[in-house]
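Data block below; observations after.
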Amino acid sequence: MDDDPEYMDMMQNSQVEKILKASKQKKKNQIKLLLLGAGESGKSTVLKQMRLLHKNGFSEQEKLQYKNIIWADMIGSMQTLIIQARKLGIRLNCDDPASDLYPYKRKVLEYKPLEGVDTSAAGGMSFLKNFVIKYSENSAHKRRLRSTGKVNTGWEETEESGDMETIGSATPNKENYTKISEEEDAGDGDAQTLLKDYMEELNGTTTVNGSIHKKPRRIRKYSKYEIAEAINKLWENDEGIKKCFDKSNLFQIEGSAPYFFEKSIEYASEDYRCTDEDILKGRIKTTGITETNFNINGIKFQILDAGGQRSERKKWMHCFQDITCTCFVLAVSEYDEVLFEDERVNRMHEAIMLFESLCNSRWFANTPFILFLNKVDLLKDKVRRSPLRKYFPDYKGKSNDVEDVLQYFEKLFLSLNHTNKPIYVHRTCATDTKSMQFVLTAVTDMLISQNLKNSGIF
53 MDDDPEYMDM
63 MQNSQVEKIL
73 KASKQKKKNQ
83 IKLLLLGAGE
93 SGKSTVLKQM
103 RLLHKNGFSE
113 QEKLQYKNII
123 WADMIGSMQT
133 LIIQARKLGI
143 RLNCDDPASD
153 LYPYKRKVLE
163 YKPLEGVDTS
173 AAGGMSFLKN
183 FVIKYSENSA
193 HKRRLRSTGK
203 VNTGWEETEE
213 SGDMETIGSA
223 TPNKENYTKI
233 SEEEDAGDGD
243 AQTLLKDYME
253 ELNGTTTVNG
263 SIHKKPRRIR
273 KYSKYEIAEA
283 INKLWENDEG
293 IKKCFDKSNL
303 FQIEGSAPYF
313 FEKSIEYASE
323 DYRCTDEDIL
333 KGRIKTTGIT
343 ETNFNINGIK
353 FQILDAGGQR
363 SERKKWMHCF
373 QDITCTCFVL
383 AVSEYDEVLF
393 EDERVNRMHE
403 AIMLFESLCN
413 SRWFANTPFI
423 LFLNKVDLLK
433 DKVRRSPLRK
443 YFPDYKGKSN
453 DVEDVLQYFE
463 KLFLSLNHTN
473 KPIYVHRTCA
483 TDTKSMQFVL
493 TAVTDMLISQ
503 NLKNSGIF
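Start counting the sequence shown at 53; every next residue gets the next number (the working numbering).
What follows is the structure in structure tokens.
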């Protein structure tokens with residue numbers, strides 16, 4: 053039989069059919085979802101919700117890690133508000149030496165954000181390495197160089213990838229979008245000068261011709277409870293602090309800071325363990341590409357979360373193959389905010405250019421997209437105090453109508469799709485577990501149905 057050409061052909065065809073059938077079965081039982089979006093859009097929070105829904109939540113080690121990160125972020129955020137208030141000309145009650153709040157300001161400014169962090173509990177210095185960057189690199193120029201080395205760059209498909217198409221330029225069309233301030237790094241230099249001035253006031257020092265004249269003062273190390281109390285008192289009782297936070301689109305600060313300020317006393321306790329809500333609101337910058345796997349009804353889900361900052365996007369193409377679906381997360385509340393890595397660029401403008409380039413890239417020619425209009429909860433408050441039309445002059449809806457704003461952004465992003473691929477839009481608040489479970493269940497069902505159809509089995 054081995055000498056029979058017809059028999060050999062039949063056997064070879066049979067083997068090919070088996071391989072094709074096995075390949076179809078594998079595709080049927082595996083879904084690969086790619087999470088993309090600009091930095092701080094909420095991608096990682098979406099992934100956390102998936103873990104709560106399908107992987108039994110977070111380990112004790114992770115809860116310890118987040119407790120330490122939240123502690124440092126909380127202190128850094130309050131220090132930022134105090135310093136930025138002076139820069140913006142906002143009078144704080146705690147600026148008055150006669151005020152009961154004045155000693156609390158001293159404590160907060162003297163405390164180093166990472167001083168109370170237990171590196172062993174937080175996973176060691178390797179875990180903290182990228183986190184510390186935001187406290188050590190204050191210069192906007194340094195952040196830009198670290199991000200790409202140049203201005204207005206997203207991610208690029210290089211010549212080596214077979215395409216000379218440039219992707220992700222962050223410069224919006226001048227005919228449609230206003231350009232935010234182009235002032236060079238003045239803000240960071242001013243902030244550093246203000247911090248120096250503040251510390252001189254607190255320490256009773258003055259600088260004359262480069263020489264520091266200091267009044268003797270006892271140096272005191274504060275307990276975590278004292279710092280937590282100071283933060284709580286300043287947030288609850290200093291109207292200027294809250295007024296400054298209302299202008300937080302003008303500088304960099306964690307959006308969940310008020311939540312952490314209100315719980316500061318709890319975080320000071322050594323016995324406190326982070327809740328799921330704490331972890332959902334806490335933020336650790338995603339570096340590189342993280343992979344999470346879980347099974348749903350016998351189907352393997354592989355979720356790839358790619359860091360959204362510009363410096364991370366060059367790594368994206370390593371995970372672009374065999375994608376079942378791409379989920380792009382858009383922070384709709386950040387239309388008046390600027391990038392951490394380049395404060396000359398509006399965050400929404402960056403997201404627009406990034407989405408358009410990804411959606412129409414050859415890598416995703418036949419890949420369906422899911423668009424999450426995220427941070428809807430923050431948008432509701434934002435539209436009341438920051439008119440969208442100031443940043444998007446072509447907006448024709450009501451200035452403080454959330455529904456009009458959401459419809460505007462939905463139409464805008466759908467119009468960027470120049471292919472025939474479907475785009476499924478969901479409005480989300482990634483930190484709201486109940487609503488996200490509903491959305492993620494709907495998305496999961498859609499992906500399974502789509503995958504079965506594409507596999508050719510059904």
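Every residue, glycine too, gets a C-beta built ideally from N, C-alpha and C.
Residue state for Val491 is assigned as helix, using DSSP reduced to three classes.
Runs of the beta strand (DSSP E) lying entirely within the stretch 393 to 462, each at least 3 residues long, are 421 to 426 in chain order. Per DSSP, the beta bridge partners of Phe346 are Phe353. Closest option to Ala417, judged by alpha-carbon separation, among Asp374, Gln459 and Lys294: Asp374. For Gln304, no beta strand (DSSP E) segment is defined, and its DSSP state is neither H nor E.
In the same chain as Thr496, and ignoring 5 residues on each side of it, the C-beta atoms closer than 7 Å to its own belong to Ile348, in chain order. In the three-state reduction of the DSSP assignment, Ile279 falls in the helix class, which pools H, G and I. The criterion of a C-beta distance shorter than 8 Å is not satisfied by Lys352 and Phe421.
Per DSSP, the continuous alpha helix (DSSP H) segment holding Tyr154 begins and ends at Tyr154 to Glu162. CA-to-CA, the gap between Asp433 and Leu382 works out to about 17 Å. By the CB criterion at 8 Å, Ile279 and Ile127 fall inside the cutoff. In the DSSP assignment, Lys273 falls outside any beta strand (DSSP E), carrying neither H nor E. Inter-residue distance for Ser129 and Ile305 is about 6 Å (C-alpha atoms, whole angstroms).
Under the three-state reduction of DSSP output, Gln136 falls in the helix class.
Three or more beta-carbon pairs drawn from the stretch 461 to 472 and the stretch 405 to 413 are found closer than 8 Å, and the two stretches are therefore classed as touching. Less than 8 Å divides the Cβ of Gly334 from the Cβ of Ile122.
In this structure, Ala358 and Gly94 do not form a Cβ contact; the two beta carbons are roughly 14 Å apart against a cut-off of 8 Å.
Restricting attention to Leu99, Lys107, Asp290 and Ser96, the CA atom closest to the CA of Asp148 is found in Asp290. With a 10 Å radius around the Cβ and a threshold of 16 neighbouring Cβ atoms, Tyr460 comes out buried.
The Cβ neighbour count for Asp330, taken over all protein chains shown within 10 Å, is at least 16; the residue is labelled buried. Cβ-Cβ distances below 7 Å link Asp456 to Gly449 and Lys450 in the same chain, with the five nearest sequence neighbours on each side left out; the list follows chain order. In terms of Cβ geometry, Thr376 and Leu85 form a close pair [threshold 8 Å]. Counting along the chain, the unbroken alpha helix (DSSP H) around His106 starts and ends at Lys95 to His106. Around the Cβ of Pro310, a 10 Å sphere holds fewer than 16 other Cβ atoms; the residue is exposed. Judged by DSSP in its simplified three-state form, Gln373 adopts coil rather than helix or strand. DSSP places Leu144 outside any alpha helix (DSSP H), giving it a letter other than H or E. Considering only Glu281, Thr378, Arg396 and Ser385, the residue with the shortest C-alpha distance to Trp415 is Thr378.
Looking at the DSSP output, Val477 shares a beta bridge with Leu423. Secondary structure of Ile121 (DSSP, three-state): helix. In terms of CA proximity to Asp323, Tyr277 leads the group Gly292, Tyr277, Asn301 and Ser501.
Counted as a single uninterrupted DSSP element, the alpha helix (DSSP H) harbouring Leu332 occupies residues Asp328 to Lys333. For the options Phe312, Lys273 and Phe303, the alpha carbon positioned closest to that of Ile283 is the one of Phe312. Take the alpha-carbon of Ile134 and the one of Asn426: they are about 29 Å apart. In the three-state scheme derived from DSSP, where H, G and I count as helix and E and B as strand, Ile341 is classed as strand.
Leu104 places its beta carbon less than 8 Å from that of Thr485.
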